Amino acid sequence: MNIKKFALPALALAVVLSGCGRNGSDPESTSAAETTLSTTQTTRPKVTVEMPVSSDGTWPSVIFTVPGQTTAQSTPPLSTDGTTASTPPQTSSTSASTSASSSTTKQSTTSATTKQTTTSRTTAQSTTNPPSPPPVSGNALPVAPPGTELHGLTREQAEAFWSDAVFVGDSIMMHWTNYMTARRDAASYPDFGGKFFNGAKSLTAASLGVNNALWAVSSESVHPKYQGQQMQLWNSIPLTGAKKVVMMFGMNDVALYGVSASIESYGRLIDLIKTNAPETEFYIVSATYPIKNAVKKSPSRDLLRDWNLALIDFCRANGYNFINLTDALCDDEGYLRTDFCNDSWIHQTSAARVVWADILRGYAADRLTGN
Amino acid sequence: MKKILCILLIISTVFAFSACGGSKKAPEDYAMSKSLIELRTEISSKADLSEFFVLSGESLLDYTGITAESCTETLVLIPESSISADMIFIIKAADSDALENVKALLESYRDGRAAEFKSYAPEEHQRLSDTKVNVKGLYLWMVVSENSAEIEKLIGESIN
């Protein structure tokens, strides 16, 4: 066989083969495969954490190191206004199982527009007969929870009190704001007619506390985003146009920084907000408790109760409004009711949010009618 | 004879590989083969959506910064529970410029939630860190779910 005779065809074949195939990242090219754009991840400095645990299960001060620093605690990051914050310890904890329970039943009817698809649901929440006030345990705070009586007002009239409010806080507050937003969808919740605490805004983030709320904005900070942009609360709250700020903090503060230091931070945070929004009214919501024998021991119920007691004094000294939501959610031993808990720890179910809504309406009704 | 066979081989090879590369389809020409209602129903067979709620319009802007003007179709579902990283975003951008902006906002939303979970729910943090924004034509989708691979495939195959 004369190999030379096949050389030219083979060369031609090689040229043809080399011209085939395209770049798979071109979204206009392939007809079969999905086009996936790889996304860049922000590189975060690795933080090593030493987590000594005391015999009673509470967390002592956290020792951690950040690359480039040799001291046990990092230099506090500076915010843009020059204020400094407490050191940013990070906790490493076992994840709790989550099992959400719902107090709603879902109907199968659907409605859709070109922009939105929803599934309608019924709700178990009563809007005409508010429930009786919950039992108060021996661990109750000295300021009782608001009543739930509306004093002749309708649900919408009472909720209107909060229409110029922004709800600010941690993951527990975030669930409330998600709950609120969900029920404004008339197709999904026809019983509310598309109106549920309408007008109220939210600025919430899991892991947010009064201490890390003072940090500078960075890839490590967890400041709530305002329309997609992360910013410190004293910059975002004025943008919402809110005249009332309803704040809930504590669970991400007291075990790491202690009650006193966190109260100081709370004061600094509010002062910063008042600098940019001087006419704002502040409503401080008590921190809610974990269930008894929670899977995570920190923060403990007793520490959070100490925090709430300190908050009451803080509000009295500064003229802020205090709302005791905690005791309305507790069992007779002063722990979060287990049927209100969705993670065997401290986070709450939608059933608990029914109590939230009743308490907030009742508080509003008291204020609006002078009761 | 051998020369003829070689030429025929080359010609047939040229024709065989001329199908490589696919069609030049503009991003605007991609469309969903099913309605978003149908797609949501199919997704619900792969994920429990009973505790999820819809973000659209004002709520979508508040939560993510994505404006109504930047998209023509949306199906966005997130759980009411703040301790779940699950999410389903399906968005058709208004045009190629909006596409890049929406993609950046989706990534920012994902990264923000990941940062929130970093200290107390590392598994949720990792799920978010492993999530990417998919693009096909003017469609974007981002899924965090126990069955995210199946759901992403379902969405991708619905766009042609």
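Chains X and F, in that order, give the protein sequences. Reminder that position 68 of the first sequence reads as 68 in my numbering, one-by-one numbering, no gaps. Reminder that position 91 of the second sequence reads as 1091 in my numbering, one-by-one numbering, no gaps. Glycine included, C-beta positions come from ideal geometry on N, C-alpha and C. Here the structure is a predicted model, which is why all the values come from computation and not from measurement.
Report back the beta-carbon spacing between Cys1071(F) and Ala1094(F) to the nearest angstrom; my notes put them in contact at under 8 Å.
6 Å
Classify Ala100(X): buried if its beta carbon has 16 or more other beta carbons within 10 angstroms, exposed otherwise.
Only weak support exists for where Ala100(X) lies, its pLDDT of 33 falling under 50; the value from the coordinates is given anyway. Ala100(X) should be labelled buried.
Could you tell me the distance, in whole angstroms, from the CA atom of Phe241(X) to the CA atom of Ser163(X)?
Checking the sequence shown, residue 241(X) turns out to be Gly, not Phe. Near 11 Å, if we compare the C-alpha coordinates of Ser163(X) and Gly241(X).
Is the CB of Thr326(X) under 8 Å away from at least one CB in chain F?
Taking Cβ atoms only, chain F never reaches closer than 8 Å to Thr326(X), which makes this a no.
What is the residue span of the alpha helix (DSSP H) that Glu1038(F) lies within?
Leu1036 to Ser1044
Please list, in chain order, all residues of the same chain as Tyr226(X) whose beta carbon is under 6 Å from its beta carbon, the five residues on each side excluded.
Within the same chain, Tyr226(X) has close Cβ partners Ser236 and Leu239.
Cutting at 7 Å between CB atoms, please list the residues of its own chain near Leu325(X), excluding the five before and the five after it.
Pro145, Val285, Ser286, Thr288, Trp356 and Ile359
Any beta-carbon of chain X closer than 8 Å to the one on Gln1126(F)?
no
Does the ligand SAH have a heavy atom nearer than 7 Å to the CB of Ala287(X)?
With respect to the ligand SAH, the structure shown offers nothing to examine, as it has no ligands at all.
Any idea if Ser421(X) is buried or exposed, counting beta-carbon neighbours within 10 angstroms, 16 or more meaning buried?
No answer is possible for residue 421(X): it lies beyond the span of chain X, which begins at 1 and ends at 371.
Classify Leu1005(F) as buried or exposed, calling it buried when 16 or more other Cβ atoms lie within 10 Å of its own Cβ.
exposed
Report the residue ranges of all alpha helix (DSSP H) runs contained in full by the stretch 265–319 of chain X; include only those spanning at least 4 residues, in chain order.
301–318
Name the two residues that bound the continuous beta strand (DSSP E) containing Leu203(X).
Lys201 to Thr204
Exposed or buried, which one is Gly193(X) when buried takes at least 16 other CB atoms within 10 Å?
Within a 10 Å sphere around the beta-carbon of Gly193(X) sit fewer than 16 other beta-carbons, which makes this residue exposed.
For Gly362(X), name the three-state secondary structure that DSSP assigns.
helix
Residues near Pro1079(F) by beta carbon distance below 6 Å, same chain, minus five either side:
Correct list, in chain order: Glu1051, Phe1052 and Asp1086.
Please tell me whether Phe196(X) and Met173(X) are closer than 8 Å, where the distance is taken between their beta carbons.
It is not a contact, given that the beta carbons lie outside the stated cut-off.
Pull up the distance between the alpha-carbon of Leu309(X) and that of Ser262(X), whole angstroms please.
Put simply, the backbone Cα of Leu309(X) is about 13 Å away from that of Ser262(X).
Check the Cβ of Val1143(F) against every Cβ in chain X and list those closer than 7 Å, keeping chain order.
Neighbours of Val1143(F) on chain X: none; closest Cβ ~12 Å, over 7 Å.
Would you call the stretch 1025–1044 of chain F and the stretch 1153–1160 of chain F touching, i.e. three or more CB-CB distances under 8 Å?
yes
Quick check: what's the CA-CA separation for Thr1067(F) versus Leu1060(F)?
7 Å
CB contact below 8 Å: Glu1116(F) versus chain X:
yes
With DSSP run on the structure shown, which of helix, strand or coil describes Tyr189(X)?
coil
Buried or exposed: which applies to Ala317(X), given that a residue is buried once 16 or more other Cβ atoms fall within 10 Å of its Cβ?
exposed
Run down chain F in chain order and give the residues with a C-beta less than 7 Å from the C-beta of Thr181(X).
Against chain F, the beta carbon of Thr181(X) has neighbours under 7 Å at Phe1053 and Ser1059, listed in chain order.
Chain F beta carbons: is any one of them nearer than 8 Å to that of Gly228(X)?
yes
Using a Cβ distance threshold of 8 Å, determine whether the stretch 299–313 of chain X contacts the stretch 248–257 of chain X, with at least three qualifying pairs required.
Judged by Cβ distances under 8 Å, the stretch 299–313 of chain X makes contact with the stretch 248–257 of chain X, as three or more pairs qualify.
Counting along the chain, where does the beta strand (DSSP E) carrying Pro1079(F) start and finish?
Cys1071 to Pro1079
Is the beta carbon of Val166(X) closer than 8 Å to that of Val245(X)?
yes
Below 6 Å CB to CB, which residues in the same chain sit around Ile1043(F) once its five sequence neighbours on both sides are set aside?
Taken in chain order, the residues that qualify are Ile1151.
Go through its chain and collect everything with a Cβ distance to Phe161(X)'s Cβ below 7 Å, but skip five positions before and after it.
Cβ within range, chain order: Ala364, Arg367 and Leu368.
Could you spell out where the alpha helix (DSSP H) holding Phe1117(F) opens and where it closes?
Ser1096 to Phe1117
Should Gly138(X) go down as buried or exposed, given a rule of 16 or more other Cβ atoms within 10 Å for buried?
exposed
How is the alpha helix (DSSP H) around Trp1141(F) delimited, first residue to last?
Looking at the DSSP string, Trp1141(F) is not in any alpha helix (DSSP H); the run it does join, the beta strand (DSSP E), is Tyr1139 to Val1144.
Once the 5 residues before and after Ser1081(F) are set aside, which same chain residues still bring their CB inside 7 Å of it?
Glu1051
Taking Glu159(X) as the reference, which of Ala216(X), Ala200(X), His347(X) and Val143(X) has the closest Cα?
Ala200(X)
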